[in-house]
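First the structure, in the form of structure tokens, and then the observations on it.
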Amino acid sequence: MCTSVFLDIQQAFDNVWHRGLLYKLKLRLPDHSYLLLTFYLSERYFQVKIDDELSDYHPIRVGVPQGSVLGPLLYVLYTADVPATQDTLMATFADDTAILSADPDPVRATEKLQYHLSLLQNWLEQWRIKVNPIKSA
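Quick note on numbering that gives the first Met the number 0: the sequence shown kicks off at 0 and runs consecutively.
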């Protein structure tokens, strides 16, 4: 028996938490690369225009630049530590994740999957990542 869950991350690239990303980059990258990416993400601002009216500038504290070469790479680095278990198979592609659990006993397969989802829920909350319930099954 195989149980599965398919998750879609809500606005994945738009909601990457900069402080969390920089924390993770600091752990994994040499200092010069970390500093370069810190500068890349800092001092970014947005402004809204409605008709002829412009808002004030506001700092951007979440998200990776859209359409950039680094955007997908930064997202992968941000999510590289997603929890896994030995009893489940997890496959991810960008903002989509599939988790599978197999066992001759359907109850046991479901328990293994639920355990992984519990770990995942804590991780998602810690890193401020939200699952899109409409696109997940």
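Don't be surprised by glycine CBs; every beta carbon is placed ideally from N, CA and C. Small disclaimer: the values here were computed from a predicted structure and weren't measured.
Subject >> Sequence-distant residues of its chain with Cβ nearer than 7 angstroms to Trp122 (five each side left out) >> reply: Around Trp122: Val81, Pro82.
Original post:
Could you give the residue range of the alpha helix (DSSP H) that holds Ser117?
Top reply: Ser117 -> alpha helix (DSSP H) spans 105-125.
**OP:** With distances taken Cα to Cα, identify the nearest neighbour of Ser135 among Cys1, Met0, Gln9.
**Re:** Each of Cys1, Met0, Gln9 was checked against the Cα of Ser135, and the nearest Cα belongs to Gln9.
Subject >> For Asp95: DSSP bridge partner residues >> reply: The partner list for Asp95 (beta bridge, DSSP) reads Asp7, Phe92.
Original post:
When the Cα atoms are used, what is the spatial distance from Glu124 to Trp16?
Top reply: Separation of Glu124 and Trp16 (C-alpha to C-alpha, rounded to the nearest whole angstrom) is 12 angstroms.
Subject >> Residue burial classification, Ile128 (beta-carbon count within 10 angstroms, cutoff 16) >> reply: Per the 10 Å Cβ criterion, buried.
**OP:** Kindly indicate the opening and closing residues of the alpha helix (DSSP H) around Pro71.
**Re:** 69-78 is the extent of the alpha helix (DSSP H) around Pro71.
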